[in-house]
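Residue numbers (the working numbering): 3 to 425.
All C-beta atoms, glycine included, are put in the ideal place defined by N, C-alpha and C.
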Amino acid sequence: MSNKIVVGAQWGDEGKGKITDMLAETADLVVRYGGGNNAGHTVIVGEEKFELHLIPSGILYEDKKSVLGGGVVIDPEAMVEEMEGLEERGISLANLYISETAHVIMPYHRMLDALEEERKGDSKIGTTGKGIGPCYTDKTARRGIRIADLLDEGRLRAKLEKALDYHNVLLEKVYNAEPLKAEEIIKAYQPYIEKLRPYVTNTSLLLNEAHKNNQKIFFEGAQGTLLDIDYGTYPFVTSSNPTAGGVCTGTGMGPTTIDDVIGVTKAYLTRVGAGPFPTELENEQGEYLRDKGHEFGVTTGRPRRCGWLDIPILKHAVRVNGLTEIALTKIDVLTGLDEIKVCTAYKHGEEIVEEFPPYLESEIPYEPVYENWHGWEEDITEIRDFEKLPENAKKYIKRIEELIGIPAKIISVGPGRKQAIIR
Ligand code: IMP
């Protein structure tokens, strides 16, 4: 029996969807513990491509339970759209479970996300615009609306009216926007509420019972370590805890129930949205990685910023998540490059900094200190045995393992479910 967390070790988009999907084969339940439809996971099964935002990739297996924990924020419209999209493609939702304590994204959250980004101008975060930050803000400010509230119209109306007492002042006085009416929101959400109702349950109880019965649970991370509200590049972060600690608060499972934490790590580095990125390549090498790696956001379609692998970031991810291993993804994208660089530390003025600092942006820049490695030309997408990889690819992987102190047990060499080396 082993319960595993799959967490992003960088700025999200590391390929967690594929790794969870691969590992889900051996799991009984696949669980999302945080974030919302700001996430976008691409999973390729045979000839079919699925883009999931809220629903765990376990849904693609008929016999697994897919669970949205209480730490997730749910936009009912987006959720229903995703559910119906899957149903249209013949995927059963019989094993889908939604936490009654998950918070609900309301129309005013989406509005406030956009209006606040506009107000910030040049200092905007570059959010996905899905209302994630304002929804978590309401949760913490104790005026949020939870899934259980949707199921009781009287309670929903009372809570919504109270929330609007506050939000309409903000909308009108701060942002010069039109106020919203509770009745109109209830009317618009009604069909979504009815669609969601049968799937809502006490997911903490469900998960703990499953654990007691020796079932295997996979916790599927969204976003990544550097987008964590506490351990990321604050304030250029999301508003939840994608790190491993978020699993306990986001699912109602205790820390003693978790055995392994897998950090999904791209063989290079990408980021969407604003914020510091010391190894960013604003040149043709960056474009090469973007084109070859199809580095465009699943959720927003935005081009991702690309750069070299950053070891201080990975060491930080190993530490704050308690990673036991990494899954190295997209190594095939590096094929064809003459030279591959790895940032092992930063030069900050006269100082060499080996650990991730509280702020990467500073008047004295953090300049990457690189090691240079030779690339390889051979196509590696059909290789399934580590020893058969080109010598330079093996050297690159072994050096990463040495620098971060944990093994790369999965090496993904292409987008398909089977395109991986398992060690
Ligand atoms: P928000 O989560 O929409 O508030 O966006 C905050 C920051 O997190 C922005 O830089 C987004 O681009 C980034 N972000 C949010 N979700 C993801 C994700 O799933 N992958 C990559 N970046 C993300």
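Since residue i and residue j should fall inside the 8 Å C-beta cutoff, what is the C-beta to C-beta distance between them, to a whole number of angstroms?
i: Gln12; j: Leu228; result: 6 Å
i: Gly428; j: Val47; result: Absent from the structure is residue 428, since the part of the chain shown begins at 3 and ends at 425.
i: Ile328; j: Ile408; result: 6 Å
i: Val415; j: Ile406; result: Going by Cβ atoms, the distance from Val415 to Ile406 rounds to 20 Å, so no, they are not a contact pair.
i: Ile428; j: Ala104; result: Since the first residue of the chain shown is 3 and the last is 425, residue 428 is not available in this structure.
i: Thr301; j: Ala41; result: 7 Å
Would the beta-carbon of residue i be found less than 6 Å away from any heavy atom of the ligand IMP?
i: Gly14; result: yes
i: Ile134; result: yes
i: Gln217; result: no
i: Thr240; result: yes
i: Ala104; result: no
i: Ala26; result: no
i: Gly223; result: no
i: Ile412; result: no
i: Ala41; result: yes
i: Gly128; result: yes
Give the straight-line distance between the Cα atoms of residue i and residue j, rounded to the nearest whole angstrom.
i: Val69; j: Asn394; result: 41 Å
i: Gly223; j: Lys411; result: 18 Å
i: Lys126; j: Arg304; result: 15 Å
i: Lys66; j: Ser59; result: 10 Å
i: Gly71; j: Thr205; result: 6 Å
i: Ile333; j: Val274; result: 20 Å
i: Gly248; j: Gly254; result: 10 Å
i: Tyr398; j: Tyr233; result: 27 Å
i: Ile315; j: Ile7; result: 19 Å
i: Leu207; j: His213; result: 10 Å
i: Gly131; j: Phe52; result: 22 Å
i: Thr240; j: Gly73; result: 13 Å
i: Thr272; j: Arg306; result: 6 Å
i: Glu211; j: Gly87; result: 30 Å
i: Lys197; j: Glu174; result: 32 Å
i: Ala225; j: Ala190; result: The identity of residue 225 in the sequence shown is Gln, whereas the question assumes Ala. C-alpha separation (whole angstroms): 29 Å.
i: Leu209; j: Val202; result: 14 Å
With a CB to CB cut of under 6 Å and the five nearest residues on each side skipped, what residues in its chain are close to residue i?
i: Leu318; result: The sequence given here has His at residue 318, not Leu. Here the set comprises Phe358.
i: Asp261; result: Ser4 and Asn5
i: His169; result: Tyr110
i: Gly128; result: Gly275 and Ala276
i: Ile1; result: Given a span of 3 to 425 for the chain in the structure shown, any question on residue 1 remains unanswerable.
Applying the 10 Å Cβ sphere with the 16-neighbour rule, what's the burial state of residue i?
i: Pro257; result: exposed
i: Gly252; result: buried
i: Asp124; result: exposed
i: Gln192; result: exposed
i: Glu356; result: exposed
i: Ala347; result: buried
i: His43; result: buried
i: Thr142; result: exposed
i: Tyr361; result: exposed
Tell me which same chain residues have a C-beta within less than 7 Å of the C-beta of residue i, skipping the five on either side of it?
i: Asn323; result: Val9, Thr227, Thr245, Ala246, Val263 and Gly265
i: Tyr138; result: Val75, Ser241 and Ser242
i: Ile93; result: Ile61 and Leu62
Does any residue of chain B have a CB that is nearer than 7 Å to the CB of residue i?
i: Arg292; result: Included in the structure is just one protein chain, with no chain B present.
In chain order, what residues of the same chain lie with their CB nearer than 8 Å to the CB of residue i, ignoring the 5 residues before and after it?
i: Ile21; result: Val8, Ile264, Val266, Ala329, Thr331, Ile412 and Ser414
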